[in-house]
Structures are given as C-alpha cells and as structure tokens.
Amino acid sequence: MPPLQREDLVTLTHLSRIQCQEEEIPPLLQDLQSILQYVDLLQEVDTSHVEPCNHVLANVFNAQREDTVGPCLARESLLSNAPDHTEGMIKVPPILKSTP
Amino acid sequence: MHTLSASELSHKFKTGHYTAQEIVQHFLSRIEKLDPHIGAFLEVYHSRVLQQAQALDEKKKRGEPLGKLAAIPIALKDNIHVKGERTTCASTFLRDYTAPFSATVTDLLEKEDALILGKTNLDEFAMGSSVEHSAFQQTFNPWNPQCTPGGSSGGSAAAVAARLCPIALGSDTGGSIRQPASFCGTLGFKPTYGRVSRFGLVAFASSLDQIGPFTNYPEDLSLCMEVLSQYCEKDSTSVKAEHNDFSSTHANSIKGKTLGVPYHLLKELPVELQENFKASLQKFEEIGVSIQEIQCPTLRYAVAIYYILATAEASTNLARFDGIRYGTRSEKAHTLEQVYDYSKEEGFGKEVKRRILLGTYVLSSGYQEAYYKKAQKVRALMIEEFRTQFQHCDAIAMPVTPSTAFELGSVKDGLEMYLADTYTIPANLAGLPAISLPSGFDKEGKPLAIQLLGPQMHDQEVCQFAYHFCKKTNEPQILPQLCT
C-alpha cells in the first residue's frame, strides 16, 4: 500500500473530528506509517478463497428479544450526564444561523 | 485475613469468625496504607461498601440465605458501571460521568452478596499495556515499583497482587487481563467470547472485548466464573452455556489430557523465560498430561490483524464521545463542529487519538478492502487453524508475554508496545478462553507466567488445568515485600 501522506492524516483528523495541533502531526504521521507498514504483512497471505469472519462464534445469529415494553432509564438520570440541557432536552450550539 | 482465599474468607463470614464489616474494614485499611505506593484504585467506595457490609451483617443475623460471594470485597476496573457511581475509563473525557445503570456483572456480584470496594485504574479506554495511558495516575507493580503492573487492567492486577482485595474484574481485548496478571503474579482469566455479559462495560472493540476475573487462588477464579457466566438478554453477543458448574468441576482430573505446544513461537523468547516455560510443561507432565508439539503458522499475523480490527472497532465505538450527550464539552466550542473537534481534542489522550485515527483510516473508502476485509479473512484462517489444532489437544500452552514487567517509561515506540501482545491477541481473535497462571519468578524477583488456551466454551476445562497446575506448583503464597 502507498505510504500514508501528511494530507491523508489531515483528512483523517477531519473525518474523525479530532483536532490535532500542528506539532502533533509529524510524530503521529511517523507512528501511523510504521504501524501501517507493519500490518502490510497480511498481504502475503493468500485469502482468495476465504470468507471474512463476521462472528467469532459459530452458530450464533442475531439475538432479538420479544418486542415487549420493559423498564427504561429515567430521563433525569440520563440528562444529568449531558454537558448542557434545558427543559428536558439536550442543548447544543445553534446549527442554523438566525435571520436578521 | 488478606492472605486467605476469597472462598475461605466467605466461609469464615458465614460461620461467624468475621463480620462483613470487619472484613471490609481490614481491606479498606490496607488500601489506605498501601495504595498510596501502588496507585491501583481510582476510587474507593468507603461509605457505600461499609453500608453494604452492614446490610449483609444484618441479613445474616436475620438468618436469611447468603450468596455465593458473601462478604468478599471485589474491585472493578473503571470501565464497568456501578449505578450512581463514576465510570471514568481513566479518561479526561469521562472524568465526571455517572453511570445511570449497573453492568450485568455488577448486578450478578451484588446479587451473590459480594461487596464492591471501588474502581481500579486502567489505560484510557483500555487502550494500552502499561497503565501509562491513564489520564489520572500511574499504577506501580507491587513486586517492583519501578515497573509497570501491565495493562490495560493494571489497577485490578496490582490490587489483587497487593492483597488489597481477593478478587478484581478486568476486561481483555487483546490481553488486558492476562498480561497484567502475568506481570503481577496473579491468575487472570479471559473467558470465551460471549460467556460473560458486557452490558455496562464501556466498549472498546466489540468483537474482542471480554470481562474476566483476577484472583490469587484457582478456586476463587472458579467461584467467580460460576457467578459471572450467565446468559444476558441485554448483550446481543451473550451465549447460553449448557453448564456453569465451575466450582464443582475444577478439581476433576486432567490425567490423560493433551496439551498442545507451538514450540516455534518460543524462539524469540529470552532464555530465562523459555526455561521457565519448559519447567511449567514438565509440571503438567508430572500431573499426567501429555505434551504434543503443534504448528500454528497464522499466529504470526495476530498483531497485524488485531491492530486493524481493534482500531477499526474502536473508532466506531468511540465516535459516541462527541461532547453532546455525556462527557466533557469543550468550553471554547461555539459551533456544533467545534463541540466535536475541541471536546475530542481536549478529552482524549495521545494513544486513544492514535487508535481512532488508525481505525478511521483502515475503514475509509478505498482502504477498507485492503485492510479491514483482509484482516477479517486472515482472522477466519486463524479461527480455523485453532479448530483443527483442538482436534489433537485439549488445551494449548503458550507464553503470556515476551518479557517480564518492563520498567515504566522504557517502551517509547507504539509499535514496539503493540508487538508485545503477540501471545495474548490470538485468544481474542478466535474468541477462546485463556488464562495466565503464575509460574515462579525471574532472577530479579519479577513474576513469570504461563498461558493456557482452550476451545470455545471449554472454560471449565481451562479452569481445571489451572487448578491442578496451581496445586502442583503449590508455591507458598509469597506476598510482594511492599505489601506484607
């Protein structure tokens, strides 16, 4: 695989919504490059006739319970962990500009 | 009191030798005296656990039936929920997060009258092998405070090794129970994938994570597994086991069983560790277990598969920490985008960011086939290889780690740290039960260990191997000098 470039890393920070300081970029790039170079080891394995593993246990399928009403958590206890909330709702910064 | 096994301690409570409050007071005073030097606990539930103990003493006085874990103080890794208490995952992001519900394992322990002592330290979000990535404090190895206790469940391992509690729970995604158990000289068990409910465990890599116990005695491990190994409808990966009789079967004879050994994996091990490993095999032979060489060629790909899949799953799981519904929201954020960007930047440590970025990369358009799908295919080959090998042997013996506990700060390179997980990762990739068993000490007095892996759902058999090995080695219970 082609080595990870600086601009790829900048795109990744945007995709994963993780801000990185300018000085964090070079060591991070070097780290990721060496890990990616290492995992290229897998390319030597012939997997042309192998189905990917989707569940580690054989004979385990989607677990679905009966659609019945059960107890659920109190709204207050969930809201108490929200950084900001008002009138029973989680509050976030405005996402639409207000019209003048 | 702290040198007794959990089983003996509970028995002494039930027969009136100790009250639950005396037991708790004893361990609380040990924590107060010793934990400043070890740093195992992030939080100690002083008043909560004393109330629990008082209630248990009253329950006993009333003559009500007592649970299997009655009066046993147990510590939980701080990524497991206890309702109304903080779950920080050793991350700045969750420093003020209060769990609105208890994990299934917490409920199961409390239902059997265990006493929850508090929460132990870990690498942030369980990502690391040394607890050097905890946002709050360093945990030191009770056998040598210059060294790491291992990670990520290093706090739980150190707490049990220092006899600050007889049992602690950890979680194991790529060795996070077994590696610290080996570094601290305790038993550490990762059950079969799905055997113990993960409801209420903060997810790291969902196809790999398992909760399991640390103990000093094999019978305590069986006792704890008997309680924890229950089907849970709140965890869609929970499996129904036909038998959960760990305690009544752990002493079953293992004479005539076969232990497979992939000798080719030992080549790069330091001589002292090789010799110890072979001496451990010798002990199994003396018990009547036959040793058979096996070949596991795909194991050389374990670390590469793991660091693709675990980071991919982590990047997905940790996307929920966006500063909206819980966790820390950056104060400098004025727009929604900034809430995400700055909250993650401020809340996550270096290792967590590195893994999220790597996971995002291997899942990104154009690379998913080459990395993620490829890793899932090689993983399928590894699972098949184990299946074939287990037709010839009942369990597989491997080292736990390529070294004993290393000095804090000595491993600077991320990849070097990852490569040290080479022996523990395969059990997670294949969903196998695996255990780390203490096997003596090196010349510097640091603990050594051997690892056993069993076929899926053969957790009881692994515990039988563990029981007989521990009885055979029969080492007097030596305590770390720091903790006598």
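Keeping their order, the protein sequence lines are chains H and X.
Position one of the first sequence corresponds to residue 97 (our numbering), numbered consecutively onward.
Position one of the second sequence corresponds to residue 998 (our numbering), numbered consecutively onward.
Note that the Cβ used here is the ideal one computed from N, Cα and C, for glycine as well.
Q | Reduced DSSP secondary structure (H/G/I, E/B, other) of Thr1212 of chain X | A | strand
Q | Strand pairing of Pro1070 of chain X, partner residues [DSSP] | A | X:Leu1112
Q: For the beta strand (DSSP E) containing Phe1024 of chain X, list its first residue and its last residue.
A: Element bounds for Phe1024 of chain X: not the beta strand (DSSP E) but the alpha helix (DSSP H), Ala1017 to Ile1035.
Q | Members of the segment 1364-1376 of chain X that neighbour chain H once the beta carbon cut-off is set at 8 angstroms | A | Tyr1364, Ala1367, Tyr1368, Lys1370, Lys1371, Ala1372, Gln1373, Lys1374, Val1375 and Arg1376
(Q) Quick check on Asn155 of chain H - is its C-beta less than 7 angstroms from some C-beta in chain X? (A) no
Q | Whole-number beta carbon distance between Leu138 of chain H and Ala1301 of chain X, since they are thought to touch under 8 angstroms | A | 5 angstroms
**Q.** Extent of the continuous alpha helix (DSSP H) run through Gly1411 of chain X
**A.** Gly1411 to Leu1416
(Q) Which runs of the beta strand (DSSP E) at least 3 residues long sit entirely within the segment 1161-1228 of chain X? Give them in chain order. (A) 1164-1169, 1184-1187 and 1207-1212
Q: Would you mind sorting Phe1462 of chain X into buried or exposed? The rule is 16 or more other CB atoms within 10 Å of its CB.
A: buried
Q: Within its chain, find whatever has a CB closer than 7 angstroms to the CB of Ala1497 of chain X; leave out the 5 residues flanking it on each side and keep chain order.
A: The displayed coordinates of chain X run from 998 to 1481. Any statement about residue 1497 of chain X would go beyond what the structure contains.
**Q.** chain H contacts made by the segment 1079-1099 of chain X, where a contact means CB separation under 7 angstroms
**A.** Tyr1094, Thr1095, Pro1097 and Phe1098
Q | Nearest candidate by alpha-carbon position, reference Leu1449 of chain X, set X:Cys1229, X:Ala1394, X:Thr1012 and X:Thr1481 | A | X:Ala1394
Q) Comparing alpha-carbon positions, which option in X:Ala1178, X:Cys1390, X:Ser1340 and X:Ser1244 lies nearest Ala1003 of chain X? A) X:Ser1244
Q) Between X:Ser1153, X:Ala1159, X:Thr1189 and X:Gly1191, which lies nearest to Ile1174 of chain X when the distance is taken from Cα to Cα? A) X:Ser1153
Q.
Using C-beta distances below 7 angstroms, list every residue in its chain close to Leu1360 of chain X, excluding the 5 sequence neighbours before and after it, in chain order.
A. Ala1309, Ser1312 and Tyr1369
Q. When you compare each of X:Glu1458, X:Ala1372 and X:Ser1362 to Asp142 of chain H by their alpha carbons, which one comes out closest?
A. X:Ala1372
Q: With 7 angstroms as the threshold, decide whether the Cβ of Pro148 of chain H is near any Cβ in chain X.
A: yes
**Q.** Rounded C-alpha distance that separates Thr1246 of chain X from Gln1457 of chain X
**A.** 7 angstroms
**Q.** Proximal residues of chain H, C-beta to C-beta of Arg1350 of chain X below 7 angstroms
**A.** It is Lys, not Arg, that sits at residue 1350 of chain X in the sequence shown. What Lys1350 of chain X touches in chain H: Ile114.
**Q.** Range of the contiguous beta strand (DSSP E) that encloses Glu1040 of chain X
**A.** Phe1038 to Val1041
Q) Closest Cβ-Cβ distance between Leu1378 of chain X and chain H: below 7 angstroms? A) yes
Q. Helix, strand or coil for Leu1450 of chain X per DSSP?
A. strand
Q) Cys1162 of chain X and Leu1091 of chain X: beta carbons closer than 7 angstroms? A) no
(Q) Quick check on this structure: which residue in X:Pro1396, X:Ala1096 and X:Leu1476 has the alpha carbon closest to the alpha carbon of Gln1271 of chain X? (A) X:Pro1396
Q. Do three or more CB pairs link the segment 1096-1103 of chain X to the segment 1190-1207 of chain X at distances below 8 angstroms?
A. yes
Q) From this set, X:Ala1159, X:Ser1400, X:Ser1340 and X:Pro1444, which residue's C-alpha is nearest Arg1027 of chain X's C-alpha? A) X:Ala1159
(Q) To the nearest angstrom, how far is the alpha carbon of Pro179 of chain H from that of Pro1142 of chain X? (A) 38 angstroms
Q) What separation, rounded to the nearest whole angstrom, lies between the Cα atoms of Val1046 of chain X and Ala1052 of chain X? A) 10 angstroms
Q. Does the separation of the CB atoms of Gly1411 of chain X and Asn1273 of chain X fall below 7 angstroms?
A. no
Q) Who are the neighbours of Leu1354 of chain X on chain H, taking C-beta pairs under 8 angstroms? A) Leu105, Leu108, Thr109, Ser112, Ile114, Leu124 and Leu128
Q.
For Gln1271 of chain X, report the span of its alpha helix (DSSP H) as first-last.
A. Val1268 to Ile1284
Q. Which chain H residues sit within Cβ distance under 8 angstroms of Tyr1358 of chain X?
A. Leu100, Asp104, Leu108, Leu128 and Leu132
Q) Going along chain X in order, which residues have a C-beta closer than 8 angstroms to the C-beta of Asp163 of chain H? A) What Asp163 of chain H touches in chain X: nothing, since even the nearest Cβ is about 13 angstroms away.
Q) Contact between the segment 1315-1335 of chain X and the segment 1176-1187 of chain X: three or more CB pairs below 8 angstroms? A) no
Q. Helix, strand or coil: which one does DSSP assign to Ala1238 of chain X?
A. coil
Q) Cβ of Arg227 of chain H within 7 angstroms of Cβ of Glu1230 of chain X? A) Outside the displayed span of chain H (97 to 196) sits residue 227 of chain H, for which this structure offers no information.
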